[in-house]
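Structure first, commentary second.
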Amino acid sequence: MMRFFLSEILVTWGFKPWMTVPDDVRSKTARAISAYDAAIAEEEPFFDILGPLYQELACHGGKQLLGQFFSPWPLAALMATITEPWSSDIDAGRLAVACDPACGSGVMMLATAHTILNAQGPAALKSWSFVGCDIDGICARMMAIQFLANCAVHRIEVGEVIVFCGDSLRVDQPKEIVVHASAPGIKVAPANAPYRQEMVRNAAQSAGVVSENA
């Protein structure tokens with residue numbers, strides 16, 4: 004059901020379908036999307052809604068085999084506050100970058116955006132590029148959808164959002180570009196630019212991410 008839910012949201016926004024939604028679950032998917040939209044509106048901007056839901060669903064399956072552990076929102080928010088992302092030096096005409104090479108539901112990138120928003124206001128987010136990558140297609144799409152949905156519902160613009168699906172450590176293997184979106188008037192490089200792949204790999208190495216092929 005989660006796959007159908009994520010795919011249908013992307014289709015609604017004009018992206019290519021990820022999964023074909025069966026007719027007998029289409030009405031359930033529509034109700035789930037409506038409920039998610041309402042939940043976003045009731046929460047603070049960039050709050051992680053899908054992560055806890057997916058974790059609950061995944062605990063009944065085999066997702067632990069991918070080494071998935073989802074940071075609780077309070078912990079992610081605390082870590083984002085401690086690192087003070089807004090204090091980074093931002094070059095004129097160049098976006099500051101926040102990157103999570105094992106993004107899961109996108110909770111750390113969401114918490115970073117939430118922290119910048121509270122510390123500096125919505126205009127500051129247009130100076131940032133948020134990059135995520137996950138080997139799990141569901142997780143990659145959760146981050147993409149949570150970012151775009153929050154921007155749409157709360158009418159907030161961020162400089163850029165890029166989400167890849169693939170092995171963060173493998174620059175020799177092309178990654179699927181799940182979403183690449185930027186605010187109007189913001190000039191950005193192509194999502195598949197080589198330096199982006201190297202940036203994701205370097206972030207993965209720094210974070211101690213282990214390749215599935217290791």
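So in our numbering the end of the sequence shown lands on 217, straight run, no missing numbers.
No residue lacks a Cβ here, since even glycine has one placed at the ideal position from N, Cα and C.
Point to revise | Proximal residues to Ile165 (C-beta, below 6 Å), its chain only, five neighbours per side dropped | key: For the purposes of this step, residue 165 is taken as residue 162 along the sequence shown, with counting starting at 1. The residues are Val134, His183 and Ala194.
Check your understanding: CA-CA distance, Ala217 and Gly124?
Key -> Residue 217 sits at position 214 when you count from the first residue of the sequence shown. Residue 124 sits at position 121 when you count from the first residue of the sequence shown. For Ala217, the predicted structure reports a pLDDT of 49, less than 50, and the residue's modelled location is therefore unreliable. A value from the coordinates is still provided. In a straight line, the C-alpha of Ala217 is about 42 Å away from that of Gly124.
Point to revise | Boundaries of the beta strand (DSSP E) in which Trp76 is found, first to last residue | key: Position 73 of the sequence shown holds residue 76. First-last for Trp76: Trp76 to Thr86, but that is the alpha helix (DSSP H), not the beta strand (DSSP E).
Review point. Quick check: the region 98 to 111 against the region 38 to 46, are there 3 or more CB pairs under 8 Å?
Key: no
Review point. So Ala101 and Trp131 are in contact, right, with Cβ under 8 Å, and what is the actual spacing, rounded?
Key: Translated into positions along the sequence shown, residue 101 becomes position 98. Translated into positions along the sequence shown, residue 131 becomes position 128. Their Cβ separation, rounded to whole angstroms, is 6 Å, which keeps Ala101 and Trp131 in contact under 8 Å.
Point to revise | Inter-residue spacing [alpha-carbon to alpha-carbon] between Tyr198 and Asp103 | key: Indexing the sequence shown from 1 puts residue 198 at position 195. Indexing the sequence shown from 1 puts residue 103 at position 100. Roughly 15 Å between the two C-alpha positions.
Review point. Would you call the region 140 to 150 and the region 82 to 89 in contact, with 3 or more CB pairs under 8 Å?
Key: no
Practice item. Would you list, in sequence order, the uninterrupted beta strand (DSSP E) runs of no fewer than 3 residues that lie entirely inside the region 146 to 209? Key: 163 to 168 and 179 to 185
Review point. What did DSSP end up calling Phe18 once you bin it into helix, strand or coil?
Key: Locating residue 18 in the sequence shown gives position 15, where the first residue counts as 1. Of the three classes helix, strand and coil, the one that applies to Phe18 here is coil, per DSSP.
Exercise for review: Figure out for me which residue from Arg97, Leu98, Cys154 and Asp137 has the closest Cα to the Cα of His117.
Suggested key: Position 114 of the sequence shown holds residue 117. Nearest C-alpha to His117: Cys154.
Practice item. Express the C-alpha separation of Ile119 and Ile159 in angstroms, rounding to a whole number. Key: Residue mapping note: residue 159 aligns to position 156 of the sequence shown, counting from 1. Residue mapping note: residue 119 aligns to position 116 of the sequence shown, counting from 1. One C-alpha to the other measures close to 12 Å.
Check your understanding: Given a threshold of 16 other Cβ atoms within 10 Å of its Cβ, counted over all protein chains shown, does Glu11 qualify as buried or as exposed?
Key -> Residue numbering aside, residue 11 sits at position 8 when the sequence shown is read from its first letter. Answer is buried; the Cβ neighbour count reaches 16.
Practice item. Could you tell me which of Ile36, Asp137, Phe7 and Gln176 sits nearest to Met22, measuring between CA atoms? Key: Locating residue 22 in the sequence shown gives position 19, counting from the first residue. Closest option to Met22, Cα to Cα, is Phe7.
Point to revise | Length at least 4, wholly inside the region 109 to 146: the alpha helix (DSSP H) runs in chain order | key: 110 to 123
**Study point:** Cβ-Cβ distance between Met5 and Leu60 below 8 Å
**Key:** Here residue 5 refers to the residue found at position 2 of the sequence shown. Here residue 60 refers to the residue found at position 57 of the sequence shown. Against a cut-off of 8 Å, the Cβ pair of Leu60 and Met5 comes out as a contact.
Practice item. Consult DSSP for Asp103 and reduce its assignment to one of helix, strand or coil. Key: Start at 1 with the first residue of the sequence shown, and residue 103 comes out as number 100. Note: Asp103 maps to strand in three-state DSSP.
Review point. When the Cα atoms are used, what is the spatial distance from Pro177 to Arg34?
Key: Along the sequence shown, read from residue 1 onward, the residue named residue 177 stands at position 174. Along the sequence shown, read from residue 1 onward, the residue named residue 34 stands at position 31. Rounded to whole angstroms, Pro177 to Arg34 spans 35 Å at the Cα level.
**Study point:** Between the CA atoms of Lys190 and Asn205 - distance to the nearest angstrom
**Key:** By one-based count along the sequence shown, residue 205 stands at place 202. By one-based count along the sequence shown, residue 190 stands at place 187. Distance between the alpha carbons of Asn205 and Lys190 is about 24 Å.
Review point. Out of Pro55, Ala114, Ala99 and Val156, which has the shortest C-alpha to C-alpha gap to His82?
Key: Numbered from its first residue, the sequence shown carries residue 82 at position 79. In the sequence as displayed, the identity of residue 82 is Met instead of His. Cα-wise, what sits closest to Met82 is Ala114.
Review point. First and last residue of the alpha helix (DSSP H) that includes Thr32?
Key: Working through the sequence shown from its first residue, we reach residue 32 at position 29. Start and end: Asp26 to Glu45.
Check your understanding: If you count every other CB in all the chains shown that lies within 10 Å of the CB of Asp175, and 16 or more means buried, which is it?
Key -> The count along the sequence shown starts at 1 and reaches residue 175 at position 172. Its Cβ having fewer than 16 others within 10 Å, Asp175 is exposed.
Practice item. Examine chain D for any beta-carbon lying closer than 8 Å to the beta-carbon of His117, and answer yes or no. Key: In summary, chain D is missing from the structure at hand, where a single protein chain is found.
**Study point:** Which listed residue (Ala122, Leu172, Phe49 and Asp27) has its alpha carbon closest to that of Leu151
**Key:** Against the sequence shown, residue 151 aligns to sequence position 148. Of the candidates Ala122, Leu172, Phe49 and Asp27, the one whose C-alpha sits nearest the C-alpha of Leu151 is Phe49.
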